[in-house]
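Data first, discussion second: the structure below is written as structure tokens.
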Amino acid sequence: MRATDPYMQLLGLQTRLLEPGRAVVTAQVKPEHLNIHGNCHGGFLYSLADAAFALASNSHGTPAVALTTQMLYFKAVKAGEHLEAHASQENLGQRTATYRIEIRNQERVVALFTGTVFRFVAER
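Heads up, the sequence shown stops at 128 in my numbering, and the numbers go up one at a time, no gaps.
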């Protein structure tokens with residue numbers, strides 16, 4: 005499995021950890037990632053979390069696609085700050101799996117993403 009894709013490259017996202025059920029993706033917030041208030045755009049934070057979600061959920065070698073996601077924003081993030089999206093598997097079923105992704109600025113959680121995927125498991 006590739007640890008990056010064209011969209012991740014466009015945004016400057018880097019894969020730091022990839023193992024079964026887990027992933028860590030990092031990013032440096034740049035001026036082009038800011039919203040009209042001068043804070044990191046929620047869409048950038050979502051994309052960072054979604055990249056970690058995609059990597060973790062496909063890390064078992066079984067293709068997986070998102071069924072549902074939820075994003076909660078807790079703290080504003082400024083340009084120059086370094087972020088890490090930590091994805092962990094909460095439940096792995098035969099056809100679905102659920103993941104929790106914390107976006108952290110150092111040890112502070114600035115956003116929380118949860119998502120469930122459909123897994124394309126071969127019929128027996």
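Virtual Cβ for every residue (Gly too), placed ideally from N, Cα, C.
The shortest CA-to-CA distance from E111 to any of V125, F124 and E88 is the one to E88.
In the three-state DSSP reduction, Q13 falls in the helix class (H, G or I). For S61, there is no enclosing beta strand (DSSP E); the residue is part of the alpha helix (DSSP H) that begins and ends at G46 to S61.
Looking at the backbone, the Cα of G47 and that of L15 are separated by about 11 Å.
A direct Cα-Cα distance of roughly 30 Å separates N39 from R26.
The alpha-carbon separation between T8 and S51 amounts to approximately 13 Å.
In its chain, beyond the 5 residues on either side, M5, L22, E23, P24, G25, R26 and A27 have a beta carbon closer than 8 Å to the beta carbon of S63.
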